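**Q** Numbering (my numbering), first residue to last: 4 to 172.
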């Protein structure tokens, strides 16, 4: 068994619950404004599940074109917010940062969009790890506003070592 897997399993067995601030989130994932879609994480259970929070405001850049007279958060960005919540959970569970690792989307299945998300909403993203094999994690995610599900999906992500800029040239 690889060291990262042992560490993840060891931490998960402790069932430690914590919360993460925006400052801690940006240490774990590389996303920045305007693509950072998680403001904080609540109820994080290492190696298992997390709840992310996004305060949706009229100042979001996507509302300029989606739709000017009836602003609605694009469904794909709700899925992205769930994926970012899961990415922070993975990075925190494995005790790694975005300086040397990155989490990539691999697949999305069974995406459903139930209700629109509008400016002023508090979007809550709940992700649960359903499977892990090595550096590949699978999640079930649900997003809600006022305890009503607005979107859900099953998605898979892979954790990879970050390539140096020199290796890309």
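Idealized CB from N, CA, C, for every residue including glycine.
Since the model is a prediction, treat every value here as computed from it, not as a measurement.
1. May I ask you to report which of helix, strand or coil DSSP gives residue 70?
2. What three-state label does DSSP hand residue 63 in the structure shown?
3. Please state whether DSSP places residue 88 in a helix, a strand or coil.
4. Assuming residue 158 and residue 111 make a contact with CB atoms under 8 Å, what is their CB distance in whole Å?
5. Just the Cα atoms here: how many angstroms apart are residue 69 and residue 62?
6. Going by DSSP in three states, residue 27 sits in which element: helix, strand or coil?
7. Is residue 129 buried or exposed, if buried means 16 or more other CB atoms sit within 10 Å of its CB?
8. Locate the beta strand (DSSP E) running through residue 111, then write down its first and last residues.
9. Identify whether residue 153 lies in helix, strand or coil by the three-state DSSP scheme.
10. Does the structure place the region 94 to 113 close enough to the region 36 to 43 that three or more beta carbon pairs sit under 8 Å?
11. Report the three-state DSSP secondary structure of residue 51 (helix, strand or coil).
12. Let's see if you can read the secondary structure: which residues bound the beta strand (DSSP E) around residue 131?
13. Following the continuous beta strand (DSSP E) through residue 139, name the residue where it begins and the one where it ends.
14. Verify whether the separation of the beta carbon atoms of residue 88 and residue 53 is less than 7 Å.
15. Do you know offhand how far residue 125's Cα is from residue 44's?
**A** A quick look at the data gives this:
1. Numbered from 1 along the chain shown, position 67 holds the residue referred to as residue 70. Coil at residue 70, not helix or strand.
2. The count along the chain shown starts at 1 and reaches residue 63 at position 60. DSSP places residue 63 in the coil class of the three-state scheme, outside both helix and strand.
3. As a working note, residue 88 is residue 85 in the chain shown. Looking at residue 88 - three-state DSSP - the assignment turns out to be helix.
4. Along the chain shown, one-based indexing puts residue 158 at 155. Along the chain shown, one-based indexing puts residue 111 at 108. Residue 158 to residue 111, Cβ: 5 Å. Contact.
5. Within the chain shown, the letter at position 66 stands for residue 69. Within the chain shown, the letter at position 59 stands for residue 62. Straight-line Cα distance between these residues: approximately 12 Å.
6. Within the chain shown, numbered from 1, the residue matching residue 27 stands at position 24. Here residue 27 sits in helix by DSSP.
7. In the chain shown, residue 129 corresponds to position 126, counting from 1. Counting Cβ neighbours within 10 Å, residue 129 comes out buried, since at least 16 surround it.
8. Here residue 111 refers to the residue found at position 108 of the chain shown. First-last of the beta strand (DSSP E) with residue 111: 104 to 116.
9. To locate residue 153, count along the chain shown from 1; it is residue 150. If DSSP states are grouped into helix, strand and coil, residue 153 belongs with the strands.
10. The answer is no - the region 94 to 113 does not touch the region 36 to 43, with fewer than three Cβ pairs under 8 Å.
11. The count along the chain shown starts at 1 and reaches residue 51 at position 48. In this structure, residue 51 counts as coil in the three-state DSSP scheme.
12. By 1-based counting over the chain shown, the position of residue 131 is 128. Start and end: 125 to 136.
13. Translated into positions along the chain shown, residue 139 becomes position 136. Run containing residue 139: 139 to 148, per the beta strand (DSSP E) assignment.
14. Walking along the chain shown from the start, residue 88 turns up at place 85. Walking along the chain shown from the start, residue 53 turns up at place 50. Their beta carbons are under 7 Å apart, which means residue 88 touches residue 53 by this criterion.
15. Here residue 125 refers to the residue found at position 122 of the chain shown. Here residue 44 refers to the residue found at position 41 of the chain shown. So the two alpha carbons sit approximately 13 Å from each other.
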